[in-house]
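Colleague: Its first residue numbered 20, the sequence shown is counted upward by one per residue in our numbering.
We put the beta carbon where it would ideally sit given N, CA and C, even for glycine.
Structure incoming, see below.
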Amino acid sequence: MTNGLRRRRIISDTSAMLPENFQPDEYFPHIARLISAGVSSFAAADSADQLEAARIEFLGDKRGYLLEFQKALGKLPPEARREAGRAFNEAKTRLTSAFEERRDALAGSSRATGPKLDLTMPARERWRGGKHPVTLVIDEIVAIFRELGFTVALGPESESEWYNFGSLNFPADHPAMDLHDTFYLGEGALLRTHTSPVQVRTLQKYPPPIRILAPGTVFRRDPFDASHAPAFAQLEGLAIDEGISFVDLKATLTTFARRFFGSSTKTRFRPSYFPFTEPSAEMDVECRLCGGVGCSACKGTGWMEIMGSGMVHPSVLEAAGIDSERYTGWAFGMGPGRIAMLRYGLPDIRLLYDSDVRFLSQVAE
Ligand SMILES: [Zn+2]
C-alpha cells in the first residue's frame, strides 16, 4: 500500500518528466529532477517488491522515465546532443547504482532479520543430570574399599524377621524390634532396618574368606527432621577370615578414614554395644569444621562419629553356618547421608531428600 502511494507521488511529480514539446535547455533541469526523484524512490523502498516497482518505473525497458529521456535525445538539435548525452549517461549511472545499493542493503537486512543467530554467544550447556550427593559418597567409599580387596554385595529391602533380627543375635525383646521402630509388612516380613541381613545372606552363600561392602536403603520409624529420615542409605562392611583380629579392624577403618577425609585425619574408637558384634566400637574422626578444638557441629567434643564397628559375634557366624572357632571377622556400618552432611557441610539431612535441583546441582558431578 505504501508502495502504491509512493508511486503515485512520484508520478504526480511531473516536474521530473519531460514535457511533450520541450525546449533544448529544459532537458538538463528535468533530468536532474529525475535523478533526485529516482534516488529517493529507491532509497525509500522497504522491500524487494517495492524496489522492483521503482526500478520498472525509472529504469524500465518499455515505459521507464529514463527511457523517455533517451528517446528525447534524438529530438535535440545536433549541437546539444553531446552534452545532453553526457547528462543522460550520468543519470543512468546514478540511478542504476542507487538501485543496486538499495538492493544489496535489503538483501543484507533480510539476512539480519532472519532467525537471530549470534555465533559469539556461549553455547547453552546441556543438562545431563548428576549423581546424588549420597550416591557420590557411596561410590567413593566403595572405590576406597575396593582397593582394599572388598566387593559389593546387595540384598532385598523387604526382609524376614529372622534375617533382620534373629540371625544377628538380637534378643527377642530388643527395642529395635518394637512396632514403633520398624515397618512391618505382615507375615514375618518387614522393611529392613539395616543392611546387616546382607552379611548373613553372603555368609550363607559364600565360604570365607569374605570381604564385602553392602550399601543400600534401610527403613525405620524415625521422624523426618533435621537429622533423621524414615528411609535412608546405609553402608556396611564385613571381613571374615582365619586369624582376623581387632587390629585389622582398626587398621582398615583408619586407612579408609585417611583416604576419605585426608591423610592427617585423626581417628579414635570408643567402646559401644551392638547385638551382632563383640567387642563393639564407635569410630570417630577429628571434627572437620573446628580441627578438634570443639564447635557446635561436634557439640564441643572435637570429634564426629562416623560409624559403628566391632568383631562379628560368634553367634552370628554360627547362625550363618560358619565355624566360629576357625573363623573370625569384623564389621562396620555407617550412614552415607551423614557422611555427605559432614563432607558438604549440610545443616539439615532433609536437603538430601527435597530433590531441589538448586541444591543438588551444587554438589552433582
Ligand atoms: Zn567441631
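1) At what residue ranges does the stretch 32-82 contain a whole run of the beta strand (DSSP E), taking only runs of 3 or more?
2) In the DSSP output, what is Gly329 paired with across the bridge?
3) Report the three-state DSSP secondary structure of Ile206 (helix, strand or coil).
4) Just the C-alpha distance for Ala300 and Glu144, rounded to the nearest angstrom, thanks.
5) Can you list, in chain order, the stretches of the beta strand (DSSP E) that have 3 or more residues and sit fully within the stretch 269-298?
6) Taking 6 Å as the cut-off, is the CB of Ala276 close to at least one heavy atom of ligand 1?
7) Would the beta-carbon of Leu308 be found less than 6 Å away from any heavy atom of ligand 1?
8) Note the first and the last residue of the continuous beta strand (DSSP E) segment covering Ser179.
9) Using alpha carbons as the reference points, say which of Pro48, Leu268, Asp241 lies closest to Gly288.
10) Give me the residue from Ser291, Leu86, His247, Gly310 with the minimum Cα distance to Ser283.
11) Is the CB-CB distance between Ala250 and Phe265 below 7 Å?
12) Here's the rule I'm using: 16 or more other beta-carbon atoms within 10 Å means buried, otherwise exposed. How should Met140 be labelled?
13) Relative to the C-alpha of Ala245, which residue among Ser374, Phe88, Leu370 is closest?
14) Among the residues of its own chain, which have a CB less than 7 Å from the CB of Leu204, if the five just before and after it don't count?
15) Can you give the beta carbon distance from Thr286 to Val304, rounded, assuming they're within the 8 Å contact cut?
16) Let me check understanding here. Comparing Cα to Cα, which of Ile341, Ala350, Phe189, Thr214 lies closest to Tyr225?
17) Please confirm whether Gln223 and Leu257 have their CB atoms less than 7 Å apart.
18) With a CB to CB cut of under 7 Å and the five nearest residues on each side skipped, what residues in its chain are close to Arg100?
19) Please tell me whether, using a cut-off of 6 Å, the distance from the CB of Ala338 to the nearest non-hydrogen atom of ligand 1 is below it.
20) CA-CA distance, Ser291 and Tyr363?
21) State yes or no: is the C-beta of Leu254 within less than 7 Å of the C-beta of Pro366?
22) Between Ala208 and ligand 1, is there a pair consisting of the residue's CB and a ligand heavy atom that are separated by less than 6 Å?
23) May I ask whether a heavy atom of ligand 1 can be found less than 6 Å away from the beta carbon of Ala316?
24) Would you call the CB atoms of Leu232 and Phe164 closer than 7 Å?
25) Could you round the C-beta distance between Val331 and Ile259 to whole angstroms and report it? I think they count as a contact, below 8 Å.
26) For Met326 versus Met360, is the C-beta spacing smaller than 7 Å?
27) Just checking my contact of Asn385 with Phe295 at CB under 8 Å: how many whole Å lie between their CB atoms?
28) Quick check on Gly313: does DSSP put it in helix, strand or coil?
29) Helix, strand or coil: how does DSSP classify Ser259 here?
30) DSSP on Ile231, reduced to helix/strand/coil?
31) Would DSSP call Glu166 helix, strand or coil?
Modeller: So, from the listed chains and residues:
1) Within the stretch 32-82, no complete beta strand (DSSP E) run reaches 3 residues.
2) Position 310 of the sequence shown, counting from 1, holds the residue named residue 329. In the DSSP secondary-structure assignment, Gly329 is bridged to Ser299, Ala350.
3) Walking along the sequence shown from the start, residue 206 turns up at place 187. For the sequence presented, residue 206 should be read as Glu rather than Ile. Of the three classes helix, strand and coil, the one that applies to Glu206 here is coil, per DSSP.
4) On the sequence shown, position 281 is the one that residue 300 refers to. On the sequence shown, position 125 is the one that residue 144 refers to. Roughly 48 Å between the two C-alpha positions.
5) Listed in chain order, they are 286-293.
6) Walking along the sequence shown from the start, residue 276 turns up at place 257. For ligand 1, not one heavy atom lies less than 6 Å from the Cβ of Ala276.
7) By one-based count along the sequence shown, residue 308 stands at place 289. Flag set: Cβ of Leu308 near ligand 1.
8) The sequence position of residue 179 within the sequence shown is 160, counting from 1. Looking at the DSSP string, the run of the beta strand (DSSP E) that includes Ser179 is 177-179.
9) Numbered from its first residue, the sequence shown carries residue 288 at position 269. Note on identity: in this sequence residue 288 is Phe, with Gly being the wrong assignment. Of Pro48, Leu268, Asp241, the residue nearest in Cα terms is Leu268.
10) Taking the sequence shown and counting its residues from 1, one reaches residue 283 at position 264. Of the candidates Ser291, Leu86, His247, Gly310, the one whose C-alpha sits nearest the C-alpha of Ser283 is Gly310.
11) To locate residue 250, count along the sequence shown from 1; it is residue 231. To locate residue 265, count along the sequence shown from 1; it is residue 246. In this structure, Phe265 does not lie closer than 7 Å to Ala250 by Cβ.
12) Indexing the sequence shown from 1 puts residue 140 at position 121. Looking at its Cβ environment, which holds fewer than 16 other Cβ atoms inside 10 Å, Met140 is exposed.
13) Indexing the sequence shown from 1 puts residue 245 at position 226. When only C-alpha atoms are compared, the closest one is Leu370.
14) Position 185 of the sequence shown, counting from 1, holds the residue named residue 204. In the same chain as Leu204, and ignoring 5 residues on each side of it, the C-beta atoms closer than 7 Å to its own belong to Ser177, Leu210, in chain order.
15) For this step, residue 286 is matched to residue 267 along the sequence shown. For this step, residue 304 is matched to residue 285 along the sequence shown. Yes, Thr286 and Val304 are in contact; Cβ-Cβ is about 5 Å, under 8 Å.
16) To locate residue 225, count along the sequence shown from 1; it is residue 206. Nearest of Ile341, Ala350, Phe189, Thr214 to Tyr225, Cα basis: Ile341.
17) Against the sequence shown, residue 223 aligns to sequence position 204. Against the sequence shown, residue 257 aligns to sequence position 238. Not closer than 7 Å, so no.
18) Position 81 of the sequence shown, counted from the start, is the residue given in the question as residue 100. Answer for Arg100: Leu92, listed in chain order.
19) For the purposes of this step, residue 338 is taken as residue 319 along the sequence shown, with counting starting at 1. Distance from the C-beta of Ala338 to the nearest heavy atom of ligand 1 is not below 6 Å.
20) Here residue 291 refers to the residue found at position 272 when the sequence shown is read from its first residue. Here residue 363 refers to the residue found at position 344 when the sequence shown is read from its first residue. One C-alpha to the other measures close to 27 Å.
21) Here the question's residue 254 lines up with position 235 in the sequence shown. Here the question's residue 366 lines up with position 347 in the sequence shown. No, the pair does not count as a contact, with Cβ atoms beyond the cut-off.
22) For the purposes of this step, residue 208 is taken as the residue at position 189 of the sequence shown. False, no ligand heavy atom lies under 6 Å from that Cβ.
23) On the sequence shown, position 297 is the one that residue 316 refers to. The closest heavy atom of ligand 1 lies less than 6 Å from the beta carbon of Ala316.
24) Within the sequence shown, the letter at position 213 stands for residue 232. Within the sequence shown, the letter at position 145 stands for residue 164. Yes, the Cβ-Cβ distance between Leu232 and Phe164 is below 7 Å.
25) Here residue 331 refers to the residue found at position 312 of the sequence shown. Here residue 259 refers to the residue found at position 240 of the sequence shown. Contact between Val331 and Ile259 is confirmed by a C-beta separation of about 7 Å, below the 8 Å threshold.
26) Mapped onto the sequence shown, residue 326 falls at position 307. Mapped onto the sequence shown, residue 360 falls at position 341. Cβ distance not < 7 Å, so Met326 and Met360 don't count as in contact.
27) Limits of the chain in this structure are 20 at one end and 384 at the other, which puts residue 385 out of reach.
28) As a working note, residue 313 is residue 294 in the sequence shown. Under the three-state reduction of DSSP, Gly313 is assigned to coil, being neither helix nor strand.
29) Taking the first residue of the sequence shown as 1, we reach residue 259 at position 240. Here residue 259 is Ile; the residue named in the question, Ser, does not match the sequence. DSSP, reduced to helix, strand and coil, places Ile259 within a strand of the structure shown.
30) In the sequence shown, counting from the first residue as 1, residue 231 sits at position 212. DSSP places Ile231 in strand when its eight states are reduced to three.
31) As a working mapping, residue 166 is identified with position 147 in the sequence shown. Note: Glu166 maps to helix in three-state DSSP.
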